[in-house]
Every structure is written in structure tokens, then in C-alpha cells.
Amino acid sequence: MDWDKVYKAYDGKRCSAELDLMGQINILSNAKIVKTLNVLLIGISKCNLACNYCYCRHEQMQIMDVKSFITIFNKLNRYFASDVEFHLVFHGGEPLLLGKSFYRVVFSFLKGQQRAFHTSIQTNLTLLDEEFMSIFTANNCTVGTSIDGSKLMHDTNRIYKDGRGTYDDVLRAVNALEADEAPFGGFVVTLNDTNIASAENLYDSLRCFRGASIGFSIVFKSTDTSETILDSEQLGGFLVDLFDIWVHDDSPLRLTFFENIIRNCLGINLCPECTFSKQCADNFLAINALGDVFTCCDFEGMQKFSYGNILSSDFQDIWESPIRRALLDRLSKRTISQECCECEHFDICNSGCMAKTTRGFSDRDCYCFAYRMLFSHIRGQLPALIACTHRISEALAGDEMKNI
Amino acid sequence: MELAKEITVEQAQGISSPAIRSLVVEHISQKEKIRNGDSSHIIYGYSKFTHSKTSCTCTCVVGGLG
Chain D
1 MDWDKVYKAY DGKRCSAELD LMGQINILSN AKIVKTLNVL LIGISKCNLA CNYCYCRHEQ
61 MQIMDVKSFI TIFNKLNRYF ASDVEFHLVF HGGEPLLLGK SFYRVVFSFL KGQQRAFHTS
121 IQTNLTLLDE EFMSIFTANN CTVGTSIDGS KLMHDTNRIY KDGRGTYDDV LRAVNALEAD
181 EAPFGGFVVT LNDTNIASAE NLYDSLRCFR GASIGFSIVF KSTDTSETIL DSEQLGGFLV
241 DLFDIWVHDD SPLRLTFFEN IIRNCLGINL CPECTFSKQC ADNFLAINAL GDVFTCCDFE
301 GMQKFSYGNI LSSDFQDIWE SPIRRALLDR LSKRTISQEC CECEHFDICN SGCMAKTTRG
361 FSDRDCYCFA YRMLFSHIRG QLPALIACTH RISEALAGDE MKNI
Chain R
405 MELAKEITVE QAQGISSPAI RSLVVEHISQ KEKIRNGDSS HIIYGYSKFT HSKTSCTCTC
465 VVGGLG
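What follows is the structure, given as C-alpha cells:
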């Protein structure tokens, strides 16, 4: 599917399009196609926590100053068409360590821009105070945070440098955000050895956050000498159990990981889950404090995966870098592994996440086995889960549903 | 097959799984909004972030542990 062609063909005609499961373009009139570029700004390498599973590889502190931010924004602004919307995500390290004056100046600068943009910040919340809240609320900056389940699950890994757990402080800040009616973006749950022990326990521990968007980040850390990954069979079993709880829950949590897989299965939307998207490199950029550009934060710190440095290079050279090209070519030129080419779940998975392999872009996602377990289970369950109306039942009997 | 295109909201209400029912109904409703000229729904490209002009449910998962 060449979205660039669709975009160019219909740009200016105020129409929009979406892709159905058969690869056909459905043109929906009276709306405009919007392209979003997600820019993850790793503004600071330092963090006030010492989470056991953190992938951060920096020994020296790196801090993005306002001047660098403006240079980065201006380069992106000049390069991309005026109707591309920027989604700027302040990330880290712990982005609140950049300080209030940084955000005040940055938001003031952004207010003067013609570019359509949205901002959000992914923070551990432990440093949030009323002044920070008022800055983010006043600038409609969405705040997202991490929670790993119950207090016990969370405090096993997400700890201060003196070993204290952070759960109580995070919850206090979440409640303050809610009371302040601040724009809240939801939670990231890092799946790790502790919280995948029981799907039921994790799901129950998250029930108090019903209504909020809850995404998963599966723990993975790679260094030159070692890797930290979960047992794929255990992870697969956990995901299957969790899916069954979620899909039968009368008042389900908003688990975006499953929602996006279901969307992919039913063809009711483009997959917004970067792990299973066709071209993450087309819509994401991660830029660290020094200006080094990567596809996403998972690659940050591994110079061999850098597109280049945005502060010292022409952005066109970065956007057309060999590393980005290699990522784009994986699916378009089938430089993926033979196993992926022949896999029955390829249409859902799209070969997974390349940040989760250390053997090059032709390798499989290290959690391939777990995903295959989950996809097989979902494909087996889905017809019964949706076959409740006469029309759907008819469709299920037809060839059109062969992909389900 | 595009499931949500072929069924109405009323029919989608018959889907047994509340989670999937909610997704399908939401999708049908979004399509209606787009047809009616609401351009606030991002439908081009991939994103972790689904947001409209009035609400945002983004989760900054991408590569980050928060």
C-alpha cells in the first residue's frame, strides 16, 4: 500500500482514505487526510529512578537545551510539508528533570508556529508538582506515565536510587492530575518477569485505571555483552491468558495492545501499534539530547542504528540515511527473514519490532514465539467472539473472512 | 473484508465480546464523523496516538519505559 501516492492523489480535495483488509482504498469524502510525524525527544539521559529493567545506556548525562530544541524543530518544520502534523513527545531519562523554564520557553516558542502540532510528555510523575501541572494543562500537553500493576509488582522494579518503591508517589500524582482535569494520556505497563507471573493478578491490579488507555512495553535490554529478555513461552502463555480475561470482561480495560491486534485482524483500521506496523520508520523519529536521530527510543544509544545528527547535518541526509532505508526495505523489498515470509501471521505481525533483535534487520523479533502463540489463539477465538449477528455470521462463512 | 463497513451500529451491538464490540462501534462512529466532514481523526500512517481535537488518549509507549 503506497500511502504517499494516496496522499498526493487526494491532497487538496478534502477527502480521506483508509485501507481495508483486502488492500483496497476506501475514499471517505469530506474529510482531510492527516499525516502525523511522531517526534520522540529524548531531552535528557538522566533519571531520578533506578528501575531494574531500564535500557538506558548512558554513563554521562546529556541535556537538550532550548536552542537545540528550536534548531531541531526548525529543521523538521522546513523539511516536512506544511500539512504534516507534528506530535512532539518529551521523553527521557526523566523529562521533568529538564526543569520548568525549559518547558515554558519551548511552549512559548511553539505557540508562535504555524505548524499543526500536539505535545505530550512521558514521565514517571515522581517530580510532578502543581507548577508543572499548570504548565502542561495550559499548553494542552498530554501527560502519560508508567505503572506496572499492583504496588508490589510496581515497587519490585520501579524504584528510587535508594531502593524505595515509587508506586505511592505515582498514584498520588495521577490523582492530582485527575483532580486538576489535566490532559492525561494513560499508562504504559512494562511487562517483566514480575508482573507476567499471573495474568489475572495483573488485570485485577489495573482495574482501578478503567477508562484510561493502557499500553504495554515488553522489557528488552541489549548491551554489547548481554540481553535481558523474557522467556517467550511464558510471555506467550501470559498474553493468551490476559487476552481471554480482557475479551470476556463485561467492563473491559482499554488495553491498546489487544485493541490494535484486533483492529489488524478485522481490518477496521490501520494498525497503530508500532511493533506490528508496516513502516514504523515512516512516522517515528527519536532524537536525543546530542541531536542523534534514531527510529525510536529503543535504538537510542546504539550508534550503529543512528540516522545521523540533526544538529550538524542536513535533515534530508538523515531522512534518507541507509539505516532508515534498510528499515523501510524490510517489508517493501522483503529483506525480512524467511520464517517471517512464510508465517501465517505475517499479515498481523508485519515481522515485529526490529529494536528487539540484535542480529540485524533480517532477523525475527525476539518475542516471535510469544506473538505466534497469541495470534494463533486470537484467530481461533475471533469468529466465535464476533459471530452474533446474522450478517456477520454470513460473512464468516464466506471466503472474505479467510484472513480471520 | 472490512467488518465495520458492512454492519450498522445496531448490528455491532450484538457482538458478544464487550471489548471487541466497543472497538467496532467506535470505528463505525468514527467513519460517520469523517463522512460528515470532521477531519480531526488521524487516519494516515501509523501512530500509537489516537486523538481528536477534543480529546486525546495517547500513550507514549514507543521505545520507552517511561
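Chains D and R supply the protein sequences, listed in that same order.
Under the working numbering, the first residue of the first sequence carries the number 1, and numbering increases by one thereafter.
Under the working numbering, the first residue of the second sequence carries the number 405, and numbering increases by one thereafter.
Glycine included, C-beta positions come from ideal geometry on N, C-alpha and C.
Everything numeric in this text was worked out from a predicted model, so none of it was measured.
For D:Gly-301, the three-state secondary structure derived from DSSP is coil. When C-beta atoms of the segment 32-46 of chain D are compared with those of the segment 138-154 of chain D, fewer than three pairs fall below 8 Å, so the two segments do not count as touching. When the five nearest sequence neighbours on each side are left out, the beta carbons in the same chain lying within less than 7 Å of the beta carbon of D:Leu-177 are those of Met-133, Val-143, Phe-184, in order along the chain. For D:Asp-365, the closest of D:His-377, D:Met-373, D:Gly-352 by C-alpha to C-alpha distance is D:Gly-352. Not a single CB atom of chain D sits nearer than 8 Å to the CB of R:Ser-433.
With respect to the 8 Å criterion, D:Gln-279 and D:Leu-311 are not classified as neighbours on the basis of their beta carbons. Pairing D:Phe-90 with D:Ile-147 gives a Cβ-Cβ distance that is not under 8 Å. Remark: C-beta atoms of D:Phe-315 and D:Lys-75 approach each other more closely than 8 Å.
DSSP, reduced to helix, strand and coil, places D:Tyr-160 within a strand of the structure shown. Residues of chain R whose Cβ lies closer than 8 Å to the Cβ of D:Leu-385 are, in chain order, Ile-419, Ser-420, Ser-421, Ile-424. At a cut-off of 8 Å between beta carbons, D:Glu-259 contacts chain R. By alpha-carbon distance to D:Ile-218, the top candidate from D:Phe-209, D:Thr-166, D:Leu-97, D:Leu-230 is D:Leu-230. Residues of chain R whose Cβ lies closer than 9 Å to the Cβ of D:Arg-263 are, in chain order, Leu-427, His-431. By the criterion of a C-beta distance shorter than 8 Å, D:Ala-289 is surrounded in its chain by Ile-42, Gly-43, Ile-44, Ser-45, Gln-62, Ile-63, Met-64, Ser-68, once the five residues flanking it on both sides are discounted.
D:Arg-379 has its alpha-carbon roughly 43 Å from the corresponding atom of D:Leu-127. Contact between D:Ile-348 and D:Phe-276 holds, since their C-beta atoms are separated by about 6 Å, short of 8 Å. Assignment of beta strand (DSSP E) within the segment 121-194 of chain D, counting only whole runs of 3 or more residues, yields 142-146, 184-191 in chain order.
Per the C-alpha coordinates, the member of D:Ile-245, D:Met-354, D:Leu-191, D:Leu-253 positioned closest to D:Arg-210 is D:Leu-253. Apart from the 5 residues on each side of it in sequence, D:Met-153 sits with its Cβ closer than 6 Å to the Cβ of Thr-194, Asn-195 in its chain, given in chain order. Under the three-state reduction of DSSP, D:Glu-259 is assigned to helix. Sequence-distant Cβ neighbours of R:Gln-415 in its own chain, meaning closer than 7 Å and more than five residues away, do not exist here. According to the DSSP secondary-structure assignment, D:Gly-215 is paired through a beta bridge with D:Val-188. Following the DSSP letters along the chain, one finds D:Leu-96 in no alpha helix (DSSP H), marked with neither H nor E.
Contact check for D:Ala-281 against D:Arg-334 fails: the beta carbons are separated by 8 Å or more. Look at the segment 226-249 of chain D: the residues with a C-beta under 8 Å from a C-beta of chain R are Trp-246, Val-247, His-248, Asp-249. The segment 339-365 of chain D contains, as complete alpha helix (DSSP H) runs of 4+ residues, the segments 346-349 (chain order).
In this structure, the beta-carbon distance from D:Phe-220 to D:Thr-228 falls below 8 Å.
Closer than 8 Å to the CB of D:Pro-252 there is at least one CB belonging to chain R. Take the alpha-carbon of R:Arg-425 and the one of D:Glu-320: they are about 42 Å apart.
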